[in-house]
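Protein chains in written order, with the UniProt record's numbering: chain U, 1 to 220; chain G, 1 to 220. Written below as structure tokens is the structure these notes are about.
Number of protein chains: 2
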Amino acid sequence: MAALKLYGHPMSSCTARVMICLVEKNVEFELVHVDPFSGQHKSPDFLTKNPFGLIPVLEDGDFVIIESRAITEYICKKYAGNGTEDLLRSDDLRQSTRVRAWVEVESHCFQPVMSPIIYQSYVVPLMRSTPDEKAIEDSLEKLRKVLDIYEARLGETKYLAGDAFSLADLHHLPYMFFFTKIERISGPVLEERPRVKAWWEEISSRAAFKEVSKGMKLEK
Amino acid sequence: MAALKLYGHPMSSCTARVMICLVEKNVEFELVHVDPFSGQHKSPDFLTKNPFGLIPVLEDGDFVIIESRAITEYICKKYAGNGTEDLLRSDDLRQSTRVRAWVEVESHCFQPVMSPIIYQSYVVPLMRSTPDEKAIEDSLEKLRKVLDIYEARLGETKYLAGDAFSLADLHHLPYMFFFTKIERISGPVLEERPRVKAWWEEISSRAAFKEVSKGMKLEK
Numbered sequence: 001m002a003a004l005k006l007y008g009h010p011m012s013s014c015t016a017r018v019m020i021c022l023v024e025k026n027v028e029f030e031l032v033h034v035d036p037f038s039g040q041h042k043s044p045d046f047l048t049k050n051p052f053g054l055i056p057v058l059e060d061g062d063f064v065i066i067e068s069r070a071i072t073e074y075i076c077k078k079y080a081g082n083g084t085e086d087l088l089r090s091d092d093l094r095q096s097t098r099v100r101a102w103v104e105v106e107s108h109c110f111q112p113v114m115s116p117i118i119y120q121s122y123v124v125p126l127m128r129s130t131p132d133e134k135a136i137e138d139s140l141e142k143l144r145k146v147l148d149i150y151e152a153r154l155g156e157t158k159y160l161a162g163d164a165f166s167l168a169d170l171h172h173l174p175y176m177f178f179f180t181k182i183e184r185i186s187g188p189v190l191e192e193r194p195r196v197k198a199w200w201e202e203i204s205s206r207a208a209f210k211e212v213s214k215g216m217k218l219e220k
Numbered sequence: 001m002a003a004l005k006l007y008g009h010p011m012s013s014c015t016a017r018v019m020i021c022l023v024e025k026n027v028e029f030e031l032v033h034v035d036p037f038s039g040q041h042k043s044p045d046f047l048t049k050n051p052f053g054l055i056p057v058l059e060d061g062d063f064v065i066i067e068s069r070a071i072t073e074y075i076c077k078k079y080a081g082n083g084t085e086d087l088l089r090s091d092d093l094r095q096s097t098r099v100r101a102w103v104e105v106e107s108h109c110f111q112p113v114m115s116p117i118i119y120q121s122y123v124v125p126l127m128r129s130t131p132d133e134k135a136i137e138d139s140l141e142k143l144r145k146v147l148d149i150y151e152a153r154l155g156e157t158k159y160l161a162g163d164a165f166s167l168a169d170l171h172h173l174p175y176m177f178f179f180t181k182i183e184r185i186s187g188p189v190l191e192e193r194p195r196v197k198a199w200w201e202e203i204s205s206r207a208a209f210k211e212v213s214k215g216m217k218l219e220k
């Protein structure tokens, strides 16, 4: 039995974010399926783990952790000696601060503009409704501006927070994966930004992501 | 001349968040005013500091840091021995993870529902427009649910991440401050949640916050 239990669902971007981190750090875990489409994340049992009713939740024995970006940091710290070397760059304050800043950029600049595109393109059709093309276009316009800044940044450093792969890059993987699957939208966006495209090809070719992404299907 | 330069504006919640942290840690700094109402945060000069055009930015010599929640963590780590004792609980992995998780809760559960209330109540009138009362009520309904969870949490521990004041509490101060100033809305919300009210009264009575909040006025 694995020591760690991850409650979530592989089609949830936040769950996938944690799974990729666990595999990068070579940490054994058990995925306990909590299906958001059947409302399991709002069941009384799950609410005792996370009162906000959000997946994922990590259980390490009697220690329960909520919020995907706090969970990945916990994994990196607890399993510092395992798998991929320090994704937080903890040994150097300036480097670790750059990682932390780009983790925040993902949270506050990238995710809010990417999220409506993914929601409208995948979740709305699953609910047998029609995607709001105007909402997609509005978000896409903002996303292009954000990715223009990424394009410039990736001309200075190989990865977002410096010349080594870090948690900041890893956190982008799930949403970028779903985005690149919508080729009619993502194709032109990436063609116009060759460094973002090369960065995506680089980070998505890592073994940990390839393993986790096999199970990432936005379908019921 | 102070070693640290903080580019921002005291009426910006994100700038105030960093200022409160600097004062808690007893760190001298110079506030360089960047006025978002006159568009200074989108000037070519400021965009060289933060290409996303967002305040605040911290300059520590030649080291430039963006994103308020990354800046506060940097301050706590660099000035670990100064002022208020460790706001990150770095010595204990479980405690520091709880702080990190509640920092994320502020980012992803609290701030997104509080932000439209503050925007409609303060910023829209400043732009000589009429607040969208429906938008306020919609956000308020979500905020009540979030604060119900805080109410339960504050029955288990004195502060959000444990029995000591931490960065997780501190990050809530600016938005809570502006919210509590709208008494017709915040009055009933806090009366119905006595532990949240007591927590707010406790954290807002700290000397660092009292000093910074004197300059927090949402007006042109």
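Note that CB positions come from ideal geometry on N, CA and C, so glycine has one too.
Proximity below 7 Å, CB of residue i to CB of residue j
i, j, result
"Arg100 of chain G", "Ala70 of chain U", "yes"
"Leu190 of chain G", "Lys197 of chain G", "yes"
"Arg98 of chain U", "Glu151 of chain U", "no"
"Val18 of chain U", "Thr84 of chain U", "no"
"His41 of chain G", "Val34 of chain G", "yes"
"Leu160 of chain U", "Trp102 of chain U", "yes"
"Val212 of chain G", "Ile20 of chain G", "yes"
Status (buried if at least 16 other CB within 10 Å, exposed otherwise) for residue i
i, result
"Ser205 of chain U", "exposed"
"Pro174 of chain G", "buried"
"Ala208 of chain U", "buried"
"Leu47 of chain G", "exposed"
"Glu104 of chain G", "buried"
"Ser139 of chain U", "buried"
"Ser43 of chain G", "exposed"
"residue 225 of chain G", "Past the edges of chain G, shown from 1 to 220, lies residue 225 of chain G, and the structure says nothing about it."
"Ser115 of chain G", "exposed"
CA nearest to the CA of residue i, picked from the options
i, options, result
"Gln111 of chain G", "G:Leu143, G:Ser121 and G:Asp138", "G:Leu143"
"Gly162 of chain G", "G:Gly81, G:Ala135, G:Leu88 and G:Lys77", "G:Leu88"
"Tyr122 of chain G", "G:Ile20, G:Lys5, G:Met216 and G:Leu22", "G:Met216"
"Thr15 of chain U", "U:Glu67, U:Val146, U:Asp60 and U:Gly61", "U:Glu67"
"Ile136 of chain G", "G:Phe52, G:Asp92, G:Ile117 and G:Val146", "G:Ile117"
"Lys77 of chain G", "U:Asp92, U:Lys77, U:Lys78 and U:Asp60", "U:Asp92"
"Phe52 of chain U", "G:Thr48, G:Leu147, G:Glu141 and G:Met114", "G:Leu147"
"Lys145 of chain G", "G:Lys214, G:Cys109 and G:Pro10", "G:Cys109"
"Gly39 of chain U", "U:Asp62, U:Gly8 and U:Asp60", "U:Gly8"
"Arg153 of chain G", "G:Arg193, G:Asp62 and G:Ser96", "G:Arg193"
"Ser90 of chain G", "G:Arg128, G:Lys210, G:Pro10 and G:Ser166", "G:Ser166"
"Pro188 of chain U", "U:Glu141, U:Lys210, U:Ala164 and U:Thr157", "U:Glu141"
Same chain only: Cβ atoms within 7 Å of residue i, ignoring 5 sequence neighbours per side
i, result
"Ala80 of chain G", "Asp86"
"Asn82 of chain G", "Lys25, Asn26 and Val27"
"Val64 of chain U", "Lys49 and Val57"
"Val113 of chain U", "Ser139, Lys142, Leu143 and Val146"
Sequence-distant residues of its chain with Cβ nearer than 8 Å to residue i (five each side left out)
i, result
"Glu106 of chain G", "Ala168, His171 and His172"
"Thr157 of chain G", "Asp163"
Cut-off 6 Å between Cβ atoms - residues of its own chain near residue i, not counting five sequence neighbours on either side
i, result
"Ser12 of chain U", "Ile55"
"Phe179 of chain G", "Ser186"
"Ile203 of chain G", "Asp169"
"Trp200 of chain U", "Met176"
"Asp60 of chain G", "Leu4"
"Val124 of chain G", "Pro131"
"Gln120 of chain U", "Pro131, Asp132, Ala135 and Ile136"
Query raised in the report: When the Cβ atoms of the segment 20–29 of chain U are set against those of the segment 168–180 of chain U, are three or more pairs found closer than 8 Å?
Result: Yes, since at least three Cβ pairs between the segment 20–29 of chain U and the segment 168–180 of chain U fall closer than 8 Å, the two stretches touch.
Query raised in the report: Between the segment 52–84 of chain G and chain A, which residues of the former have CB atoms less than 7 Å from a CB of the latter, in chain order?
Result: Here the protein chains are U and G, and chain A is not one of them.
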